[in-house]
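Sequential numbering from 91 applies to the sequence shown in the UniProt record's numbering. Built from N, CA and C at the ideal position, the CB exists for glycine as well. Just so you know, these numbers come straight off a predicted model, no measurement behind them.
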Amino acid sequence: EADDTPSRPRQRVVTKGSNIPSHADTFHELVERYQLSSLLLSNLTTYGYTQPTGIQSYGIPILLQSRDLAAISPTGTGKTLSYLLPIMSSLGAPSSSANSDAGSGVRAIVIAPTRELAHQIHNECLKLAQGRKWRIVLFSKATAGTLADKATRDKVDIIISTPLRLVASLRSGGVELNNVRHLILDEADRMLDSEFFPQVEEILAACSHPNLQKAVFSATLPAGAEKMAMQMLKDPIRVVVGLKDT
Ligand code: ADP
Ligand code: MG
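Here it is, written out as structure tokens:
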């Protein structure tokens, strides 16, 4: 299946997989089809996100339908929002609140290869989460200390981290991942290479919840990384965005 995204004629989107949810041409469609909250929608508007990019219009419905996803889309096409929006839409109440329906503790993890990238993702996440009381933590040496306290740790909802930093916390017992429902590998070509894959495997092994959704995002996915991704993902949908006229 191949078709053009009407809103972004310069992007060509190709999808592959079973029962692919239809794409959304506007953010408002997500409100109607997936009960995206009006708060999230208004945060999008506040930050000037008026229309979804190609990867967003295809990727967001797929993730909102709890499917695993391999998303390949060029740098600068808005991959970050493609995974943050679905996470926030399905996260439920903050862990710190009494009526947390999805259970408490870390429920979403985003892994990125560098601190700088993790930092950017964290910033984007904070913007989008304005008005909600989720605790969104950028893992660092400093947070590892704070999270040694179990009461503090249990209030964390989302973790953004490099693989090394998260593995270090796992090994020291400074983080529990058994309630994680969403695991995202950003810049997946690097996350699935020989340098990082052992750490990714260790993180995966700790994410023991049966309803774990996994997704990988990358600008490119070389054959080796693609093979790893397909082994890791369950009945995945693959979305490839290409720029036209380039
Ligand atoms: P990628 O991860 O694909 O390289 P980013 O997620 O970093 O891309 O997004 C690139 C830039 O585009 C960021 O500045 C981001 O805020 C902006 N952006 C993302 N989605 C939209 C949108 N729907 N409308 C306008 N700007 C967007
Ligand atoms: Mg990115």
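Buried or exposed (CB count within 10 angstroms, at least 16 for buried), residue i
| i | result |
| --- | --- |
| Pro326 | buried |
| Ser251 | buried |
| Gln321 | exposed |
| Asn268 | exposed |
| Pro184 | buried |
| Asp276 | buried |
| Ala161 | buried |
| Leu237 | buried |
| Asp247 | buried |
| Gly144 | buried |
| Pro300 | exposed |
| Gln289 | buried |
| Ala241 | exposed |
| residue 337 | The shown model of the chain, from 91 to 336, leaves out residue 337, and the question about it has no answer. |
Rounded straight-line distance, which links the Cα of residue j to that of residue i
| i | j | result |
| --- | --- | --- |
| Ser262 | Leu323 | 27 Å |
| Ile249 | Leu175 | 15 Å |
| Leu131 | Ile152 | 18 Å |
| Ile211 | Gly166 | 13 Å |
| Arg123 | Arg100 | 26 Å |
| Ser259 | Arg271 | 19 Å |
| Thr105 | Ala319 | 16 Å |
| Leu134 | His118 | 11 Å |
| Ala219 | Ser284 | 34 Å |
| Asp158 | Leu171 | 16 Å |
| Leu294 | Ser179 | 23 Å |
| Leu126 | Arg102 | 26 Å |
| His291 | Pro312 | The question names His, but residue 291 in the sequence shown is Glu. The alpha-carbon atoms of Glu291 and Pro312 are separated by roughly 19 Å. |
| Phe287 | Phe229 | 19 Å |
| His209 | Ile199 | 14 Å |
| Leu181 | Leu216 | 14 Å |
| Thr95 | Asp115 | Here Thr95 scores only 45 on pLDDT, less than 50, and its place in the model is too uncertain to base an answer on. |
| His113 | Ile150 | 8 Å |
| Glu266 | Val196 | 7 Å |
| residue 66 | Leu120 | Absent from the model: residue 66. The displayed extent of the chain is 91 to 336, so no value can be given. |
| Ser187 | Val306 | 30 Å |
| Ser128 | Glu214 | 18 Å |
Residue from the options with nearest C-alpha to residue i
| i | options | result |
| --- | --- | --- |
| Ser156 | Lys304, Val227, Thr236, Leu267 | Lys304 |
| Ala278 | Glu266, Gln146, Pro203, Leu120 | Pro203 |
| Gln146 | Gly235, Arg280, Val227, Ser163 | Ser163 |
| Tyr207 | Asn268, Arg280, Thr236 | Looking at the sequence provided, one finds Leu at residue 207 rather than Tyr. Among Asn268, Arg280, Thr236, the Cα nearest to that of Leu207 belongs to Arg280. |
| Ser308 | Val196, Lys223, Leu154, Lys169 | Lys169 |
| Tyr173 | Val331, Leu273, Pro253, Gly332 | Leu273 |
| Val257 | Ala315, Leu282, Ile201 | Ile201 |
| Pro111 | Thr136, Leu129, Leu154 | Leu154 |
| Tyr148 | Tyr137, Asn109, Pro253, Ser186 | Asn109 |
| Arg225 | Lys334, Arg243, Asp239 | Arg243 |
Check: residue i C-beta below 7 Å from any heavy atom of ligand 4
| i | result |
| --- | --- |
| Lys217 | In the structure shown, ligand 4 is absent; the only ligands present are ligand 1 and ligand 2. |
Residue i CB to nearest heavy atom of ligand 1 below 7 Å
| i | result |
| --- | --- |
| Pro142 | yes |
| Tyr139 | yes |
| Gly149 | no |
| Ser163 | yes |
| Gly166 | yes |
| Gln146 | yes |
Contact test: residue i Cβ vs ligand 2 heavy atom, cutoff 7 Å
| i | result |
| --- | --- |
| Thr170 | yes |
| Asp247 | no |
| Asp244 | no |
| Asp279 | no |
| Asp276 | yes |
Could you give the uninterrupted runs of the beta strand (DSSP E) lying entirely in the segment 102-175, keeping only those of 3 residues or more?
159-162
Taking only runs of the beta strand (DSSP E) that begin and end inside the segment 291-320, which ones reach a length of at least 3 residues, in chain order?
Listed in chain order, they are 303-308.
Which parts of the segment 193-257 are runs of the beta strand (DSSP E), unbroken and 3 residues or longer, counting only runs that do not cross its ends?
198-201, 226-228, 248-251
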